[in-house]
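Structure, as structure tokens:
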Amino acid sequence: MNTPSEEALQQEIDSLTQKMSDPAAMKQASIIKELSHSLRHAREVLEATYALRIITEQLNASIELANSSEDEDMKALAQEDINTLAQKKSETENKLEELLIPEDPRNSRDVILEIRAGAGGDEAGLFAGELLRAYMRYAEVKGWKISSVSQSEGEHGGIKEAIVEISGEDVYGHLKFESGVHRVQRIPTTEKMGRVHTSTITVAILPRAEEVDIEIKPEDLRIDTYRASGAGGQHVNKTSSAIRITHIPTNIMVACQQERSQHKNRDMAMSLLRAKLLAKKEEEVHAKEASARKAQIGTADRSEKIRTYNFPQDRVTDHRIKQSWSGIELIMEGALDPIFTDIRNADRELRLAAAG
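Following this line, the structure appears as structure tokens:
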């Protein structure tokens, strides 16, 4: 294990602290967030490195005492210390090893979350709405901020499509493994024969991109305004506040009509467009690095079937790590931490193996 020195770590902490106090950086919340994340991580590494040094010194002293002492009682006490300190050393080494695994630099980013109903008709739309609510409740518990970008309601309840922006601490790090196809198996309320129906929805988690991440030329954009539809009172019917932006080279189109202000809708639509273009760019890179994908959970492909929610059997199964959890009703109320924790642990083990 190639551990950085305490001096080098302290220099890194001092450098990050100085960067955070830079007036230019303080004006950009996203930069401050990434610097804060890096600073917290550097401090954790320094604490673990310092703890390992102290424990190692104490262990060596106990070993020397056990070897040199002629008093049997003293030898026995020293041996007890050796056993305890050896265990602590092993635990601290494991913690430090995990901390030194290269982190995804995007973990601290905010996200654009997209949910779309797939196969299964009305039942898919209903489940899409329920899963969106589960994510929103999870976000509320975490203290994250939720902003709706757009939403299309289903004809008989639920949603056809919803796009929301979620901001807060380590949002992408928590949600990034949710991208893919989610399958639900249950008996619809309209099913008279008691048969289990299977429906699917698609989830995409896009890390929010900054202007420095992706270059968008003004001449590559077609921007249209139109009158917002749906709830919102007379204002939405009289003012062309909704925005539709098309990126001509890729034909990617985004729209936003949630805000009353055309300017706010444009900012939100541009944020969504940057995230989509960055995701497209990263997907192209991933396609060229097939071997690297073996060291991560899933492929980040939205067409990958990642999870099944089986209501009759009260079971949620993630197919990537071949693990199941019971208590589906609680899970759908936002109790997602057990799933997220197990998936992140599995990903960490894969990255540890790849790094070793």
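In this text, residue positions in the sequence shown follow this note's numbering: the first is 1, and each later residue adds one.
Glycine included, every Cβ here is placed at the ideal spot set by N, Cα and C.
Where residue i falls: helix, strand or coil (DSSP)
i: Asn-359; result: Outside the shown range of the chain, which is 1 to 356, sits residue 359, and nothing can be said about it.
i: His-37; result: helix
i: Gly-157; result: strand
i: Ser-147; result: strand
i: Glu-123; result: helix
i: Asp-342; result: helix
i: Ala-335; result: coil
i: Ile-214; result: coil
i: Gly-168; result: coil
i: Asn-310; result: strand
i: Lys-305; result: strand
i: Thr-3; result: coil
i: Gly-233; result: Reliability of the predicted coordinates at Gly-233 is poor, the pLDDT of 39 falling under 50, and the value obtained from them is presented with this limitation in mind. Reduced to three states, the DSSP call for Gly-233 is coil.
i: Glu-129; result: The sequence given here places Gly at residue 129; Glu does not occur at that position. The answer is helix: DSSP assigns Gly-129 an H, G or I state.
i: Asp-360; result: Because the chain is modelled from 1 through 356, residue 360 falls outside the range shown and cannot be assessed.
Residue(s) in a DSSP beta bridge with residue i
i: His-197; result: Arg-186
i: Tyr-226; result: Ala-242
i: Ser-271; result: Bridge partners of Ser-271: none, in fact.
i: Pro-207; result: Val-111
i: Leu-221; result: His-247
Burial state of residue i (16 or more Cβ within 10 Å)
i: Pro-249; result: exposed
i: Arg-348; result: exposed
i: Leu-52; result: buried
i: Arg-183; result: buried
i: Glu-7; result: exposed
i: Ile-101; result: exposed
i: Gly-157; result: exposed
i: Met-332; result: buried
i: Thr-341; result: exposed
i: His-37; result: buried
i: Tyr-226; result: exposed
Given residue i as reference, the closest of the options once Cα atoms are compared
i: Arg-186; options: Ala-76, Ala-354, Arg-315, His-247; result: Arg-315
i: Arg-208; options: Lys-19, Ile-55, Asp-110, Glu-72; result: Asp-110
Proximity of residue i and residue j at Cβ, strictly below 8 Å
i: Arg-244; j: Met-253; result: yes
i: Glu-161; j: Arg-116; result: yes
i: Arg-274; j: Ile-201; result: no
i: Ala-78; j: Ala-66; result: yes
i: Ile-159; j: Ser-152; result: yes
i: Thr-49; j: Leu-9; result: yes
Neighbour flag for residue i against chain B, beta carbons, 8 Å
i: Glu-64; result: This model lacks chain B altogether, as it is built from one protein chain only.
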